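Using the numbering used here, you'd call the opening residue of the sequence shown number 2 and step up by one each time.
In what follows, a structure is listed as structure tokens, so that the remarks can point back to it.
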Amino acid sequence: MQPITLHTFEGGIHPPENKHQSTQTPIATLPLPPQLIVPIGQHIGAPAEVIVAVGDQVAKGQLIAKPKGFISAAVHAPTSGIVTAIAQRELPHNSGLEGWCVVIDSDGEDRWLEEIASGSHNIDNYLDTENTWLIQRIRDCGITGLGGASFPTAVKMSVENRTIETLVINAAECEPYITADDSLMRERALEVIYGIQIMLKLTAAKSCLIGIEDNKPEAIEALKAALKSIHAEQRIAVVTIPTKYPSGGERQLIKILTGKEVPNDGIPADIGIVCQNVGTCEAVYKAIAFGQPLISRITTITGESVSQPQNVEVLIGTPIKHLLEFAGFQQEKSLFQKLLSSVKTQATIQPKPRIIMGGPMMGVTLSNAELPILKSSNCILAPSQKELPANDVASACIRCGLCTEVCPVELLPQQLYWFSKAGELDKAEQHNIADCIECGACSYVCPSQIPLVQYYRYAKGEIKEERIAQEKSNRSKVRYEARQERLDREAADKEAKRQARAAAAEKAQAAKKAAAAKAALDDSSPENSNAINSAAIAEEKSQEPIDLEKLQEQLDAAQAGLKKSMDKIAEIKADESSTQDLAVFEKAVANRRDKVKALALQIAEAKKSAPVVKKEPSADDRANLEKKLRAQKDRMEKTQQRVDLAKQQDLDSLPALQKGLDKQMQKLKELENELAQFDKAEN
Ligand code: SF4
Ligand code: SF4
Numbered sequence: 002m003q004p005i006t007l008h009t010f011e012g013g014i015h016p017p018e019n020k021h022q023s024t025q026t027p028i029a030t031l032p033l034p035p036q037l038i039v040p041i042g043q044h045i046g047a048p049a050e051v052i053v054a055v056g057d058q059v060a061k062g063q064l065i066a067k068p069k070g071f072i073s074a075a076v077h078a079p080t081s082g083i084v085t086a087i088a089q090r091e092l093p094h095n096s097g098l099e100g101w102c103v104v105i106d107s108d109g110e111d112r113w114l115e116e117i118a119s120g121s122h123n124i125d126n127y128l129d130t131e132n133t134w135l136i137q138r139i140r141d142c143g144i145t146g147l148g149g150a151s152f153p154t155a156v157k158m159s160v161e162n163r164t165i166e167t168l169v170i171n172a173a174e175c176e177p178y179i180t181a182d183d184s185l186m187r188e189r190a191l192e193v194i195y196g197i198q199i200m201l202k203l204t205a206a207k208s209c210l211i212g213i214e215d216n217k218p219e220a221i222e223a224l225k226a227a228l229k230s231i232h233a234e235q236r237i238a239v240v241t242i243p244t245k246y247p248s249g250g251e252r253q254l255i256k257i258l259t260g261k262e263v264p265n266d267g268i269p270a271d272i273g274i275v276c277q278n279v280g281t282c283e284a285v286y287k288a289i290a291f292g293q294p295l296i297s298r299i300t301t302i303t304g305e306s307v308s309q310p311q312n313v314e315v316l317i318g319t320p321i322k323h324l325l326e327f328a329g330f331q332q333e334k335s336l337f338q339k340l341l342s343s344v345k346t347q348a349t350i351q352p353k354p355r356i357i358m359g360g361p362m363m364g365v366t367l368s369n370a371e372l373p374i375l376k377s378s379n380c381i382l383a384p385s386q387k388e389l390p391a392n393d394v395a396s397a398c399i400r401c402g403l404c405t406e407v408c409p410v411e412l413l414p415q416q417l418y419w420f421s422k423a424g425e426l427d428k429a430e431q432h433n434i435a436d437c438i439e440c441g442a443c444s445y446v447c448p449s450q451i452p453l454v455q456y457y458r459y460a461k462g463e464i465k466e467e468r469i470a471q472e473k474s475n476r477s478k479v480r481y482e483a484r485q486e487r488l489d490r491e492a493a494d495k496e497a498k499r500q501a502r503a504a505a506a507e508k509a510q511a512a513k514k515a516a517a518a519k520a521a522l523d524d525s526s527p528e529n530s531n532a533i534n535s536a537a538i539a540e541e542k543s544q545e546p547i548d549l550e551k552l553q554e555q556l557d558a559a560q561a562g563l564k565k566s567m568d569k570i571a572e573i574k575a576d577e578s579s580t581q582d583l584a585v586f587e588k589a590v591a592n593r594r595d596k597v598k599a600l601a602l603q604i605a606e607a608k609k610s611a612p613v614v615k616k617e618p619s620a621d622d623r624a625n626l627e628k629k630l631r632a633q634k635d636r637m638e639k640t641q642q643r644v645d646l647a648k649q650q651d652l653d654s655l656p657a658l659q660k661g662l663d664k665q666m667q668k669l670k671e672l673e674n675e676l677a678q679f680d681k682a683e684n
């Protein structure tokens, strides 16, 4: 591998290391505690979901809470025993909040789950295995980052959509007093390297840089020897870096090893880097190779209040007092006589032991020793008052600026302090308080002994609460607006449909009117009285009742005209001296005969096919009928006179006249009959 050029970061401090106290003996194994308190939410992300019940017998390594959601981690029974409670218990956290825990009373057997004990979960060729299988096993085994943040490792290693150039292994362990990683590397270097090989496979990184401070020579040698033993030096390099606090910060270590800066709002994968703690490497190896879940870790127990500072393999959930007792805890040494900050009274309060989870820079002072060890508990520090005085006598800020000089993130700690103290959270945010890694370097150098980090933690907590509330409010707002939008949309749709229906109705009405107007126009147009309309009219006409009476009148008139013409011809023939043109009258007779014939035929046809109009008889009708009857009688009288004359003169016209008279007689009878019918109907 190419020689590595080291870089540096701004600020930083060099506090007394106090590491040698706990590295004098090999890693010890803690005797089994009688009871374990196992929190189900000891990682970043959603708490796991408990799958056991009170009274259940559990084996060591048995799943007791499964991951709930993508960013979550499984929790397993650290030993065999009986679940005696599933309850809220106080957790070792700044907030002092409680969290759900599975309480297991140990049966003293420390009996592994059969599958693990039998070795059926063991796998040798894990480097030839699919990444998805490896990731799933890491998830199943509940592996989380052991460096402090406790981020689920399976999530961090799922980088299939990113190109990772470098895997950075954080072996710096820069905080004073803590030597858990140091002892791990000294004693289990090969397991660490095996874990790194698995991570290299998962990330497909070209190389791995193990960043380790130069104050751990034994660990450095052990790692190099392990690498050499398996010929893995080509891809994995142990990089010794100068001891400076906090070079073990993820961003600081990446900067030292690669010169790259992780974006403020980004993660290392954004710049092609994945960073894992050295302890996590061993946990991953044990999970992949043996199916062992994360149920224990190496924890440093140190400080002047314990007689045997050392590193101990501790089961997760072990009450801290059990570890303290194992290390020879001397309570009298750890008592802190805390002064009240009130200048007026200067009264004292009851002294109590001071136990810190973590180191002196970033650790959390615990409220009591009953709290459990977590997956992230790398150190339990029980200092004496002389060794680590409490910052309870803070004085006013003298604006010395020392805090700014040492800040590794290049923040303005003094400003952040003022904003946090005044509750000006928006200003604290503007000054990037979110980037503060809570390293405590500023507090360490502050001549006024102001517990600066505590102010930042408080402010960050408040901002987080505010953000959660704001997000909740935003979600409610979004839901409300979405609902309102939906209601508005539905109302608009309804209105649009209503308007469309109204418009369609109006259009149809207009079309109807237009059609009616056109029809009226068409009907009234003389030139459009064409065949179509003619047909219709003809049809209409064909439906009209035929006026037989009218036809009859026409026929009568035609017959009368015919008779007159025939009489004239008879006169002309009878008068030899007449000069009138006989042919003209004969032609007229022929025409009138045709007309009589046509009308007679028409009447006959009409009587056959056309509906006969049955008129309601009226007074006028009767008068007309009587009038016709009188006219017919007058006509017959005249005809009779002509017949008589023709008989007297023995004229040739006599037969025709007689025939006409007969017809008139017939007509007279019809009229009389009609009148009789009329009278009958009236009565
Ligand atoms: S180191 Fe302390 S006293 Fe000095 S400026 Fe910062 S907060 Fe103020
Ligand atoms: S605690 Fe925050 S503000 Fe203080 S030195 Fe560390 S990073 Fe900077």
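Built from N, CA and C at the ideal position, the CB exists for glycine as well.
Bear in mind that the values here come from a model prediction, so they are computed numbers and not experimental data.
Can you list every residue whose CB sits closer than 7 Å to some heavy atom of ligand 2, going in chain order?
That gives Gly12, Cys404, Val407, Cys408, Pro409, Val410, Leu412, Pro414, Leu417, Cys437, Ile438, Glu439, Cys440, Gly441, Ala442, Cys443, Ser444, Leu453, Val454, Tyr457.
What residues are listed by DSSP as bridge partners for Arg90?
Taking the first residue of the sequence shown as 1, we reach residue 90 at position 89. Per DSSP, Gly100.
Taking three-plus beta-carbon pairs below 8 Å as touching, is the region 440-454 in contact with the region 349-368?
Contact holds: three or more Cβ-Cβ distances are below 8 Å.
Is the shortest distance between the beta-carbon of Gly304 and the beta-carbons of chain B less than 9 Å?
The structure shown contains no chain B; it is built from a single protein chain.
Is the separation between the beta-carbon of Gln311 and that of Ala29 shorter than 9 Å?
Working through the sequence shown from its first residue, we reach residue 311 at position 310. Working through the sequence shown from its first residue, we reach residue 29 at position 28. Their beta carbons are under 9 Å apart, which means Gln311 touches Ala29 by this criterion.
From Leu147 to Ile45, what distance separates their C-alpha atoms?
Mapped onto the sequence shown, residue 147 falls at position 146. Mapped onto the sequence shown, residue 45 falls at position 44. Straight-line Cα distance between these residues: approximately 12 Å.
Which stretch, first to last residue, makes up the beta strand (DSSP E) that contains Asn171?
Residue numbering aside, residue 171 sits at position 170 when the sequence shown is read from its first letter. Start and end: 167-171.
Report the three-state DSSP secondary structure of Asp106 (helix, strand or coil).
On the sequence shown, position 105 is the one that residue 106 refers to. Residue state, collapsed to three classes: strand.
Does any heavy atom of ligand 1 sit closer than 8 Å to the C-beta of Pro34?
Start at 1 with the first residue of the sequence shown, and residue 34 comes out as number 33. Because no heavy atom of ligand 1 lies under 8 Å away, the Cβ of Pro34 does not count as near it: no.
Applying the criterion that 16 or more other CB atoms from any shown protein chain within 10 Å of the CB defines a buried residue, is Gly149 buried or exposed?
As a first step, residue 149 must be located in the sequence shown, where it is residue number 148. Label assigned to Gly149: buried.
Helix, strand or coil: how does DSSP classify Thr154 here?
Taking the sequence shown and counting its residues from 1, one reaches residue 154 at position 153. If DSSP states are grouped into helix, strand and coil, Thr154 belongs with the helices.
Give the straight-line distance between the Cα atoms of Thr6 and Glu222, rounded to the nearest whole angstrom.
Against the sequence shown, residue 6 aligns to sequence position 5. Against the sequence shown, residue 222 aligns to sequence position 221. Spanning the two alpha carbons is a distance of roughly 20 Å.
Quick one: does the C-beta of Val394 sit closer than 8 Å to a heavy atom of ligand 1?
The residue given as residue 394 occupies position 393 in the sequence shown. Not under cutoff, so the answer is no.
Report yes if the C-beta of Ile399 is less than 8 Å from at least one heavy atom of ligand 1; otherwise report no.
Numbered from 1 along the sequence shown, position 398 holds the residue referred to as residue 399. Result yes, Cβ under 8 Å from ligand 1.
Note down the Cα distance separating Gly13 from Leu412, rounded to an integer number of angstroms.
Start at 1 with the first residue of the sequence shown, and residue 13 comes out as number 12. Start at 1 with the first residue of the sequence shown, and residue 412 comes out as number 411. Computed Cα separation, rounded: 12 Å.
For ligand 1, any of its heavy atoms closer than 8 Å to the Cβ of Ser449?
Within the sequence shown, numbered from 1, the residue matching residue 449 stands at position 448. The answer is yes for Ser449.
Taking only three categories from DSSP, how would you classify Ile297?
In the sequence shown, residue 297 corresponds to position 296, counting from 1. Note on residue identity: the sequence assigns Ser, not Ile, to residue 297. Ser297: strand per DSSP, three-state reduction.
Does the pairing of the region 225-232 with the region 199-206 give three or more beta-carbon distances under 8 Å?
No, they do not touch.
Taking contact to mean 3 or more Cβ pairs, one atom from each stretch, closer than 8 Å, check whether the region 60-79 and the region 108-117 are in contact.
Yes, the region 60-79 touches the region 108-117.
Compare the beta carbon distance of Asp183 and Thr24 with 9 Å and say whether it is the shorter of the two.
The count along the sequence shown starts at 1 and reaches residue 183 at position 182. The count along the sequence shown starts at 1 and reaches residue 24 at position 23. Result yes, Cβ atoms of Asp183 and Thr24 sit closer than 9 Å.
Give me the Cα-Cα distance between Gln659 and Asn674, rounded to the nearest whole angstrom.
In the sequence shown, counting from the first residue as 1, residue 659 sits at position 658. In the sequence shown, counting from the first residue as 1, residue 674 sits at position 673. Distance between the alpha carbons of Gln659 and Asn674 is about 22 Å.
With 16 as the cutoff for other CB atoms within 10 Å, does Tyr97 come out buried or exposed?
On the sequence shown, residue 97 is found 96 positions in, with the first residue counted as 1. Checking the sequence shown, residue 97 turns out to be Gly, not Tyr. Flag for Gly97 reads exposed.
Measure the alpha-carbon distance for Ile356 versus Tyr178 and round it to whole angstroms.
Here residue 356 is taken as the residue at index 355 of the sequence shown, counted from 1. Here residue 178 is taken as the residue at index 177 of the sequence shown, counted from 1. Those two C-alpha atoms are separated by around 14 Å.
I need the boundaries of the alpha helix (DSSP H) containing Ala226, first residue and last residue.
Here residue 226 refers to the residue found at position 225 of the sequence shown. It spans 218-230 - the alpha helix (DSSP H) in which Ala226 sits, taken as one unbroken run.
What distance in whole Å lies between the Cβ atoms of Ser151 and Gln376, which are believed to be in contact at a cut-off of 8 Å?
Walking along the sequence shown from the start, residue 376 turns up at place 375. Walking along the sequence shown from the start, residue 151 turns up at place 150. It is worth fixing the name first, because residue 376 is Lys in this sequence and not Gln. Indeed they touch by this definition, with Cβ atoms about 6 Å apart.
Nearest to Ala88 by CA position, among Val55, Pro320, Arg643, His94, is which residue?
Here residue 88 corresponds to residue number 87 of the sequence shown, with the count starting at 1. Here the closest residue by C-alpha is Val55.
My output table needs one value for Phe10: the three-state DSSP class, helix, strand or coil.
Start at 1 with the first residue of the sequence shown, and residue 10 comes out as number 9. Coil.
State yes or no: is the C-beta of Gly686 within less than 9 Å of the C-beta of Ser248?
This structure cannot speak to residue 686, because the chain is shown only from 2 to 684.
By how many angstroms is the C-alpha of Ala558 removed from the C-alpha of Ala506?
Position 505 of the sequence shown, counted from the start, is the residue given in the question as residue 506. Position 557 of the sequence shown, counted from the start, is the residue given in the question as residue 558. Whole-angstrom Cα-Cα distance: 60 Å.
Could you check whether Leu672 and Ala1 sit closer than 9 Å to each other, using their CB atoms as the reference points?
Outside the modelled stretch of the chain, which goes from 2 to 684, sits residue 1, for which no answer is possible.
Rounded to whole angstroms, what's the CA-CA distance from Glu110 to His122? Just pull it up for me.
Here residue 110 refers to the residue found at position 109 when the sequence shown is read from its first residue. Here residue 122 refers to the residue found at position 121 when the sequence shown is read from its first residue. The straight-line gap from Cα to Cα measures roughly 21 Å.
Over what stretch of residues does the alpha helix (DSSP H) that includes Leu417 continue unbroken?
Start at 1 with the first residue of the sequence shown, and residue 417 comes out as number 416. Segment 414-423, the alpha helix (DSSP H) holding Leu417.
Find the nearest neighbour of Gln386 within the set Phe327, Ile374, Phe337, judged by alpha-carbon distance.
Position 385 of the sequence shown, counted from the start, is the residue given in the question as residue 386. Ranking Phe327, Ile374, Phe337 by Cα distance to Gln386 puts Phe337 first.
Where does Tyr481 land, buried or exposed, given buried means 16+ other C-beta within 10 angstroms?
The sequence position of residue 481 within the sequence shown is 480, counting from 1. When all chains shown are included, Tyr481 counts as exposed.
Run the proximity test for Val365: is its beta-carbon closer than 8 Å to any non-hydrogen atom belonging to ligand 1?
Numbered from 1 along the sequence shown, position 364 holds the residue referred to as residue 365. Val365: no, Cβ never under 8 Å from ligand 1.
Buried or exposed for Ala66, please, with buried defined as at least 16 other CB atoms from any protein chain shown within 10 angstroms of its CB.
Your numbering for residue 66 matches position 65 in the sequence shown. Buried: at least 16 other Cβ atoms inside 10 Å.
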